[in-house]
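Protein chains in written order, with the numbering used here: chain A, 1 to 187; chain B, 1001 to 1187. Positions of the beta carbon are idealized from the N, C-alpha and C atoms, including for glycine.
There are 2 protein chains.
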Amino acid sequence: MPVGADEEIREQVLAAADRLFYRRGVQAVGMDALRTEAGVSLKRLYQLFPSKEGLVEEVLRRRHQAWDDLVEAALASGGTPRDRLLAVYDMLSRWFDEDDFRGCVFINTFGELGGAAPGIAGIVREHKAQFQARLAELITEAGGPPALAPQLAILAEGAQTTAAIAGTSDAAGHARAAAATLIDAAL
Amino acid sequence: MPVGADEEIREQVLAAADRLFYRRGVQAVGMDALRTEAGVSLKRLYQLFPSKEGLVEEVLRRRHQAWDDLVEAALASGGTPRDRLLAVYDMLSRWFDEDDFRGCVFINTFGELGGAAPGIAGIVREHKAQFQARLAELITEAGGPPALAPQLAILAEGAQTTAAIAGTSDAAGHARAAAATLIDAAL
DNA sequence: TAGCCTAGAGAACGTACGTTCTCAGTGCCA
DNA sequence: TGGCACTGAGAACGTACGTTCTCTAGGCTA
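Structure below.
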C-alpha cells in the first residue's frame, strides 16, 4: 500500500460522510450507504473509524475547521471593525445561496443527537462558544462593549436556522442590517 | 367504550409522543417505546395514527398551537408596542429555564427530518412564517418599518438555538437587549 | 346462555441498522 | 516458488425498527 494512502482514504470517507450526513441527517445514513458513496470497503472503513459516532465527531471537527477559516477570511477583510464584523453576514449570505445549503450542521446534529450523545453535544457547544469568543475578541479590540458579541452571535445563529427553514437567503441581509444597527449603537 | 374515550386516548398518545420526541428526537423513539409511555395498545395506536410520520405532524401542530398561545399571551401584556414585543423575549427566558428545555422542537425536527420529509418541512416553514407575520402585524400597527419583523424573529430563533446548545438561558436576555436597541432605532 | 364484536397484549413480519466475520485473491519477502 | 500478511467484497450476526396479525378474554344483544 502506498504511503499516505490511509490519509487519502480517510479524507474520501470524511468528505462522503460530510456530504451524506449534511444532506440527510446522521441516523438516516447507514454505514453501507456511506461505504458505497466513499467507494471503500466496510473493513477499511471500520479500520479508520471504529464507530459511527466517532466518525460523526470527526466530521464535525472538520466542519469546525472549515467554518473557522471562513470566519477568519471574513474578519480579515479590510476596513473598520464594523466592516469586518458585517463581512461575516456577507459570508453567510454567500453560503445560504449555495444549492445544497441545508442549515448549520452543528445545529442540525445537535437537534438530532444532542439529547442522547453527550460527546457530540460537547463538540457543538464548543464550536458555538469559540465563534462567539472570536467575535468578542474583535469587539474588545475595537473598544466595544462585551455584551455586543452574544448579540451578534445570536443574529448569526438565527439567520442560519431561518435561512434553512425558509429556503431563502434573505435572513442574511436582515441579520446584517440588524447587526449594523447594534454595532452603530454600541461603538 | 365510553363516549369521548378516543379523544382522551388521542391526547394521551400525543402528549407522550411530544415528550419522547422532544427529549430524544424522532427517529430514536420507536413505536413500541411510545406505546409503553402512552399506556396504549399498539392496535389502538395505529387506529388513531396510521403512520409515525402522521403522528409527528400532529405533534408539531399541537406544539404550534401551544406556541401561538404563549406568543399571544406575551403580546397581550399591557404597555407600549415596545413592551409587548420585548415580552416575547421574557417568555423565551422563562421557557429556557424549564428543566427539560432542549431547544425548539420545530428547528430540531427540521434538522433531523427536513431533508427527507417535505410534509414536515412544510409544517415547520409555516410555523416560522406565522410567527414572523404576527410580529409584523404588531409592528405595522405601531407604525414601525416592515424590516423590523424579520430582525426580531431572527433574534428569537437565534436565542432558542443558542440557549439549547449552551444549556443556559442567557441568550434570552441578550436577544431582549438587542431587540430593545433595534426597536428604539426603528420606532 | 349463546353468539358476536371489539379490545388489549404481544408475537410475527420484512427490512435495515451497526458491526464483525469469512473467504478468495494479491503482492511481497525468504 | 512457497508461505504470509493483508486486501476488498460482501455475507452474516444480533438487534430494533414500523407495521400487521393472531389470539384470547370479556361485555353486549337476543
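Among B:Arg1082, B:Ala1087, B:Arg1019, B:Ser1093, whose alpha-carbon lies nearest the alpha-carbon of B:Arg1063? B:Arg1019
Nonlocal neighbours in the same chain, by C-beta distance under 7 Å from A:Thr10, ignoring five residues either side: For the record, residue 10 of chain A in the displayed sequence is Arg; it is not Thr. So the list reads Leu48, once near-sequence residues are dropped.
With H, G and I counted as helix, E and B as strand and the rest as coil, what does DSSP make of A:Ala15? helix
CA nearest to the CA of B:Phe1106, picked from B:Glu1072, B:Ala1142, B:Val1059, B:Leu1155: Of the candidates B:Glu1072, B:Ala1142, B:Val1059, B:Leu1155, the one whose C-alpha sits nearest the C-alpha of B:Phe1106 is B:Val1059.
Between the segment 129 to 138 of chain A and the segment 1035 to 1044 of chain B, are three or more C-beta pairs nearer than 8 Å? no
Just by C-beta distance, which residues in the segment 1137 to 1159 of chain B are closer than 8 Å to chain A? Residues of the segment 1137 to 1159 of chain B with a C-beta less than 8 Å from any C-beta of chain A: Ala1147, Pro1150, Gln1151, Ala1153, Ile1154, Leu1155, Ala1156, Glu1157, Gly1158, Ala1159, listed in chain order.
Taking only the alpha-carbon atoms, compute the straight-line gap between A:Glu37 and B:Glu1053 and give it to the nearest angstrom. 27 Å
Where does B:Gly1144 land, buried or exposed, given buried means 16+ other C-beta within 10 angstroms? B:Gly1144 comes out buried.
Determine, using beta carbons only, whether A:Ile120 and A:Val56 come nearer to each other than 8 Å. yes
Is the shortest distance between the beta-carbon of B:Ile1165 and the beta-carbons of chain A less than 8 Å? yes
Beta-carbon gap between B:Ile1139 and B:Leu1148 smaller than 8 Å: Contact flag set, yes.
With a threshold of 8 Å between beta carbons, is A:Ile107 in contact with chain B? yes
Out of curiosity, what's the CA-to-CA distance linking A:Trp95 and B:Arg1035? Rounded to the nearest angstrom, the two C-alpha atoms are 42 Å apart.
Measure how close the beta-carbons of B:Gly1115 and A:Arg23 come, nearest whole angstrom, since I'm counting them as under 8 Å. 6 Å
Below 8 Å on C-beta distance, what does B:Thr1036 contact in chain A? Correct list: empty, because the minimum Cβ distance to chain A is about 18 Å.
Just curious, the alpha helix (DSSP H) that A:Thr162 is in, first and last residue? 148 to 166
Distance between A:Asp32 and A:Met1 (C-alpha atoms, nearest Å): Note that A:Met1 has pLDDT 44, beneath the 50 cutoff, so the model's placement of it is unreliable and the number below is only indicative. The straight-line gap from Cα to Cα measures roughly 24 Å.
Are the CB atoms of B:Gln1151 and B:Leu1113 nearer to each other than 8 Å? no
Identify whether A:Glu72 lies in helix, strand or coil by the three-state DSSP scheme. The three-state secondary structure of A:Glu72, taken from DSSP, is helix.
Cβ shell of B:Leu1086 (< 8 Å), same chain only, five flanking positions each side left out: Arg1176, Ala1179, Ala1180, Ile1183
Chain B contact residues for A:Val124, given Cβ-Cβ distances below 8 Å: Ile1165
Alpha carbon of A:Arg82 to alpha carbon of A:Asp69, nearest angstrom: 19 Å
Which two residues bound the contiguous alpha helix (DSSP H) that contains A:Ala133? Boundaries of the alpha helix (DSSP H) harbouring A:Ala133: 118 to 141, taken from the DSSP string.
Using the Cβ count rule (16 or more neighbours within 10 Å means buried), how would you classify A:Ala172? buried
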